[in-house]
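Asker: Here it is, the structure in full.
In our numbering, the protein residues as written are 10 to 162.
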């Protein structure tokens, strides 16, 4: 089952009705609806591909960035992402992890209402890809901080 299918099934018809009212959105964009019967108040729908198409790095980056912008505009404090585009859209897990974590880090640096971001991953391969990329990113950041000249006091 796709993530969109699981959201529709668990969230009830209200979410799909809101999506129909919004209409189609551009690839690389995102929109927000209510959460229907889900425990989440909202669902942000990230468009990383056309129906029957494939996700690209550009569309994944854009839809992730737009999802984070929408969350901030609404003053949301938490957000949860799947590994967008890696299912039927066929995007590589390692690339997905790198792009999504880069966008999250850039968003966090710009100031945001978000206090928590989760990646809800449905396979051991996805978990490994995201964990490895997060560890690489943290290691790079630590190395950059250590190589910076010390500031005068």
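From the three backbone atoms N, C-alpha and C, an ideal C-beta is built for every residue, glycine too. Predicted model, so just to flag it, every value in this text is computed and none were measured.
(1) So who's on the other strand from residue 42, going by DSSP bridges?
(2) Starting from residue 3 and walking both ways along the beta strand (DSSP E), at which residues does that stretch end?
(3) Around the Cβ of residue 33, are there at least 16 other Cβ atoms within 10 angstroms (buried) or fewer (exposed)?
(4) Excluding the five sequence neighbours on either side, which residues of its own chain have a C-beta within less than 6 Å of the C-beta of residue 234, listed in chain order?
(5) For residue 79 versus residue 41, is the C-beta distance shorter than 7 Å?
(6) Taking a contact to mean a Cβ-Cβ separation below 7 Å, would you say residue 38 touches residue 56 in this structure?
(7) What does the alpha-carbon distance come out to for the pair residue 36 and residue 158?
(8) Roughly how many angstroms separate the alpha carbons of residue 21 and residue 131, rounded to a whole number?
(9) Taking contact to mean 3 or more Cβ pairs, one atom from each stretch, closer than 8 Å, check whether the segment 100-113 and the segment 21-31 are in contact.
(10) What span of residues does the beta strand (DSSP E) with residue 18 cover, start to end?
(11) What are the complete alpha helix (DSSP H) segments, minimum 4 residues, inside the segment 63-115?
(12) Should residue 91 go down as buried or exposed, given a rule of 16 or more other Cβ atoms within 10 Å for buried?
(13) Just the Cα atoms here: how many angstroms apart are residue 64 and residue 100?
(14) Tell me which residues share the same chain as residue 8 and place their Cβ nearer than 7 Å to its Cβ, disregarding the 5 neighbours each side in the sequence.
(15) Within 10 angstroms of its Cβ, does residue 85 collect 16 or more other Cβ (buried), or is it exposed?
Answerer: Reading off the structure:
(1) BP columns for residue 42 point to 52.
(2) The question about residue 3 has no answer here: the residues shown for the chain are numbered 10 through 162.
(3) So residue 33 counts as exposed.
(4) The structure shown does not extend to residue 234, since the chain spans only 10 to 162, so no value can be given for it.
(5) Contact flag set, yes.
(6) Contact: yes.
(7) Rounded to whole angstroms, the gap between the alpha carbons of residue 36 and residue 158 is 42 Å.
(8) The alpha-carbon atoms of residue 21 and residue 131 are separated by roughly 21 Å.
(9) Short answer: they don't touch.
(10) Note, residue 18: premise wrong, no beta strand (DSSP E); alpha helix (DSSP H) at 12-20.
(11) You should have 66-82.
(12) Looking at its Cβ environment, which holds 16 or more other Cβ atoms inside 10 Å, residue 91 is buried.
(13) Cα-Cα distance, rounded: 6 Å.
(14) One cannot answer for residue 8 here, as it falls past the ends of the chain, which runs 10 to 162.
(15) Label assigned to residue 85: buried.
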